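Using full-length UniProt numbering, read the sequence shown as starting at 1 and increasing by one per residue.
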Amino acid sequence: MTVMMEQILNLDQFDINLLDNVVRTLYTSTVKQEREKAQTVLGQFQENPSAWMKVDAILEQSKIPETKFFGLIILESLIKFKWRALPREQSEGIKNFVVSMIIKLSSDPQSFQREKVFLNKLNLIFVHILKKEWPSHWSSFIPEIVNSSKTNETLCENNMVILRLLSEEIFNFGEEQMTQAKIQQLKNSFEKEFSLINELCQFILEKAHRPQLIKETLLTLQKFLSWIPLHYIIEKDKAKPSFLIQLLLQKFFPEPMFRNLSLRCLTEIVSISLPQDYQGIFVHIIDQVLAKISLKPDISKIAEDYENGDQNEQDFIQGITLFLTSFFKNNLKSMEGSLNIPYLTLGHEILVSISHVEDIEIFKICLDYWNTLASNLYSEPTRFGAPLQTTPPRIMLYKSILSKVRNVLISRMAKPEEVIIVEDENGNVIREQTRDTDSLTLYELMRETLDHWKFLKTVVKKLFEFMHESHPGVQDMACDTFLKISKATRRRFVIQQADETNPFINEILEQLPTIISDLEPHQIQTFYEAVGYMISSSTDAENRERFVILFMSLPNQTWQQIMGRASVGVENIVNLDVVKSYVNLLKTNHKAAISLGPFYLIQIKLVYLDMLNVYRAYSDYLTKHPQERSTLTKNLKTAKKETLKLLQTFIEKSEDKSLIYNNFIGPLLDAVLGDYQTNLPETREPEVLSLLSTIVNSLKQLIHPDIPKILESVFECTLNMITTNFEDFPDHRINFFTLIRSVNQNAFHVFQSLSAQQFKLLVDCIVWAFKHTERNISETGLNILKELMENINKQKEISNVFYPTYIASLLTDVLYILTDSFHKSGFPLQCEVIKVMFTVVDSGLVSTLIYDPATNPNIANNTEYLKVVITKYLSATPNVSPHQIELMTHRLFGLTNASVADFRSAVRDFLITLKEFQADNNELYIEERNAEREAALNRAKAIPGMVRPNENEEMVD
């Protein structure tokens, strides 16, 4: 069997029946070895450079559809990647073969239905050919497909599919597959010849009787409407809807068979932003649409219609939802005029009714609109928090609607994310959030739409009741919801509301012990974060300090008890129960620090030195017991981590940086640096590196005297940990490179003091980072390199040393990841780094040679040398010629003064060409060629009689 399979690899004696058998084996054999062998042999067949020559035989003679699809895959690969390398007669032959097969299958109604799936794939392949051939080698394509469409209805139906696919490829999906110049060329060609397509669409919609043909035409028209010129939608001279739009409104929207597709087209139209002069056209459209909808017996029963309706009815209700929300988002103000209020009211009444439909997608559309409407209306009243004496006129206009919206939103209030309570490896209770993205999004929108104080206060008090509920999950839900409300409306709790004697925060703080009495530690921490946001929004410094002291009094009582035990003997706090209690205190303080921000200073002054002493005590125990693997040591490590995270948040959010440096940093560095440097790799906390990055970023020049000490303590020992492989110590990796970036940004002079060997180690470390396959590490490395070069560029004497030593190797390394699919996400940064390198050299910023003239005697200057480096590296790519590389490199150097976006676009174009075998570079420079032709045409037009009428079209094409 194996020998027989391999016979298909002999293309000189190609046997279609044998290929069918191998494909059949792959899909139907029950023997695993046979399936694997068939897959291997088919893969080898597919990789044969001449396999495409057998595609015609495969498609015409194969007896099973799987083999035909296999042939199409081979053909698709050829068209995508090797089309330009084919001689013209071969590419013409393939094109004609595909066209004839499409015509053959789609002209006959029986084969058109029978081979639908195969034909769809063939259509896609034909579109790939069009992207290569049209308009340069097939300028008559649009007239040909339009004329052929008038000869046969099924052929016409398939042609509409092709035009729709072509539109999607050009206007929606083209960026990753075609150069910008090619995309623009195809867009221009499509728009220029759209009059023929428009005539075809009108012809079909007027004359056709085949329902499926009309449906395909409406589907295709919908795709066109997002980009076609405005005059195909509006007759400008008469300021009325075009004939095409009239057909949609009068002929097809009233017909149940076509109303959904017609509505999708109309939705595209009303989503367009029109000048004020043409608003009447949209009023005409909504008048016609609402007139048809209002024929329903009772629009208040739309939810019932949806529940009891078939798929067509449900799609119609969803379509009406999209139509109305799109229309009102773009035309709300113009619809508030007295003449249009009936349409405004009826449309919103319909949306209120639709909001009751039990379909999550439809409800999300409605909710998004209600949120937009609320933002639009309530952004106009007086300053936030001030009571309104009178209701603004616009809100009065919607008063009845808004009342109904509030009712429906409250009745359908979504839940926040669900929370699972588990124990971690240290025995601590933690929360794992299970995010239902849809529900969470709905919840956020609903909460934002309903922002009214009395409603909020009622909800919060209800949440406090839920915090005593024993039913699983209720307390977590209550705490999470309280936090979300606090983040969004914090200021409402610290100001005195109308008809109230005190801000609500007073009541919360007074009742705090009672409110949290039944909560678990992780729930208490969430509660503290929520209240912290409220306190931080207070603008009264005296009240704020009083709030903080009262707020933290409960955890501080426990803190003092633990410190009392420590004062008797350190061993009294190296106890599992005490350590767990201490960890919970740290977590509570951390949550408070997050939300209080700079005002956490009031609290940390009370506990700071105690915290560092406990950190040292726990570090000493772990150092003395390196082999101990117990619940106690795990919790001790957790305590150290939580301490570091708390300190990082405090420093990051602080405002008085001099106070922080003078009073906090010295003891902090003494506590953590030596501990990190002398510990075993497994016991070094990655949070130390993160904390140090925050210190450097926050304190800037204040911390400069301490940075050499910081690097001495962490640089080499961490580098030894992370350069052994790409997997170990992942947190140390990203935190280490983040620290290096912080030093580079804020204290570059420290790097200048490094020895040549140390600086090389730094550069090697950066290269190692941006070559890493983890996206965040790779992008951090690229950012470090970019910012390092920007710092170096400020000092010419440093540039003259750095670039001759490193630019060639760095450029090669960046080109490596640029052309490597594993680092595709870093493309924008890669382009920025390359642009910096090119600019440095091309601008003459480096005044010394970056190459050795003795070994490069034929190179005239630094720019030429860099071009040689690029050409040498990219020459290993078989898909492009040295001449193409030379032209592209020249183009990129010409963009050193252009925007980053233009430079990136040019690099993207080049990467796209790397995927194809090409014999010429015409597509790369289509813009330049068109500009030259247009200039030649303009020069010729200046001389009467020099340009024949038909030459206008030829020269532009």
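Cβ coordinates follow ideal geometry from the N, Cα and C atoms, glycine included.
Remember, predicted model here, so these are calculated numbers, not experimental data.
Return the first residue and the last residue of the alpha helix (DSSP H) that residue i is part of.
i: Q758; result: 756-770
i: T724; result: Unbroken run through T724: none, as it is neither H nor E.
i: Q177; result: No alpha helix (DSSP H) holds Q177; DSSP gives it neither H nor E.
i: R546; result: 541-568
i: A38; result: 32-47
i: A291; result: 279-293
Shortest alpha-carbon distance to residue i belongs to which of the options?
i: residue 958; options: K215, L754, L274; result: Only positions 1 to 957 of the chain appear in this structure, which leaves residue 958 out of reach.
i: W52; options: F14, E787, V22, Y27; result: F14
i: C265; options: D56, T217, F551; result: T217
i: N340; options: L290, T501, V283, I79; result: V283
i: K63; options: V494, D20, L702; result: D20
i: R412; options: K399, I362, S375; result: I362
i: I515; options: K462, H883, R88, E6; result: K462
i: V41; options: S29, D12, M5, L75; result: M5
i: L397; options: T718, E336, N158; result: E336
i: L691; options: F203, P730, I651, Q758; result: I651
i: Y865; options: L815, K835, Q830, I807; result: I807
i: residue 958; options: T889, N697, N584, S300; result: An answer regarding residue 958 cannot be provided, because it is not within the stretch 1 to 957 covered by the chain.
i: T489; options: A478, L86, S536, Q511; result: S536
i: P109; options: Q202, S50, F203, L213; result: L213
i: N584; options: R259, V55, Q523, T683; result: Q523
i: T267; options: F224, L166, Y306; result: F224
i: L719; options: N697, V763, Q61; result: V763
i: residue 1026; options: Y600, P626, N679; result: Nothing about residue 1026 can be read from this structure; the chain reaches only from 1 to 957.
Please list, in chain order, all residues of the same chain as residue i whose beta carbon is under 7 Å from its beta carbon, the five residues on each side excluded.
i: M178; result: K131, I912
i: Q525; result: K587, T588, K591
i: I129; result: I79, K95, V98
i: I792; result: I798, S799, F802
Under the rule that 16 or more other beta-carbon atoms within 10 Å means buried, what is residue i, buried or exposed?
i: N96; result: exposed
i: V607; result: buried
i: L247; result: buried
i: P65; result: exposed
i: Y676; result: buried
i: Q33; result: exposed
i: G564; result: exposed
i: N360; result: Per the sequence presented here, residue 360 reads as Ile, with Asn not at that position. With fewer than 16 other Cβ atoms within 10 Å, it is exposed.
i: A498; result: exposed
i: G781; result: buried
i: I153; result: Residue identity differs from the one stated: residue 153 is Glu in this sequence, not Ile. Buried, since its Cβ has 16 or more Cβ neighbours within 10 Å.
i: R629; result: exposed
i: Q39; result: exposed
i: A374; result: buried
i: E951; result: In this prediction, E951 has a pLDDT of 46, which is less than 50 and means its spatial position is unreliable; what the coordinates show is noted afterwards. The residue in question, E951, is exposed, as its Cβ has fewer than 16 Cβ neighbours within 10 Å.
Please report how far the alpha carbon of residue i lies from the alpha carbon of residue j, in whole angstroms.
i: A919; j: R84; result: Summary for A919: the model assigns pLDDT 44, below 50, so the residue's position carries little reliability; its value from the coordinates is reported in the next sentence. Their Cα atoms are separated by approximately 6 Å.
i: T724; j: E685; result: 18 Å
i: S654; j: C366; result: 42 Å
i: Q222; j: L509; result: 58 Å
i: L924; j: A181; result: Bear in mind that the predicted position of L924 carries a pLDDT of just 37, short of 50, making it unreliable; the figure below should be weighed with that in mind. Their backbone Cα atoms lie some 7 Å apart in a straight line.
i: E927; j: S136; result: With a pLDDT of only 48 at E927, under the threshold of 50, the placement of this residue in the model should not be trusted; the figure read from the coordinates follows. E927 and S136: Cα-Cα distance of roughly 13 Å.
i: K215; j: L261; result: 7 Å
i: R164; j: F190; result: 12 Å
i: A208; j: N897; result: 56 Å
i: L26; j: S821; result: 29 Å
i: P392; j: I505; result: 30 Å
i: F715; j: F903; result: 35 Å
i: L263; j: G347; result: 15 Å
i: M955; j: S139; result: Residue placement at M955 is poorly supported in this model, since its pLDDT is 42, which falls under 50; the coordinates still yield a value, given next. Approximately 12 Å between the Cα atoms of the pair.
i: E832; j: P87; result: 38 Å
i: L122; j: I73; result: 10 Å
i: T877; j: T819; result: 10 Å
Near residue i, what residues of its chain come up, given a Cβ to Cβ distance below 8 Å and the 5 sequence neighbours on each side ignored?
i: A303; result: S353, I354, H356, V357, E358
i: P229; result: E191, F194
i: L9; result: V41, Q44, F45, N48
Quick one: what's got a C-beta closer than 6 Å to residue i's C-beta in the same chain, skipping five residues either side?
i: K700; result: N746
Is any heavy atom in the ligand NAP found nearer than 7 Å to the beta carbon of residue i?
i: A747; result: Inclusion of the ligand NAP in the displayed structure is not the case, the ligand content being empty and no account of it being possible.
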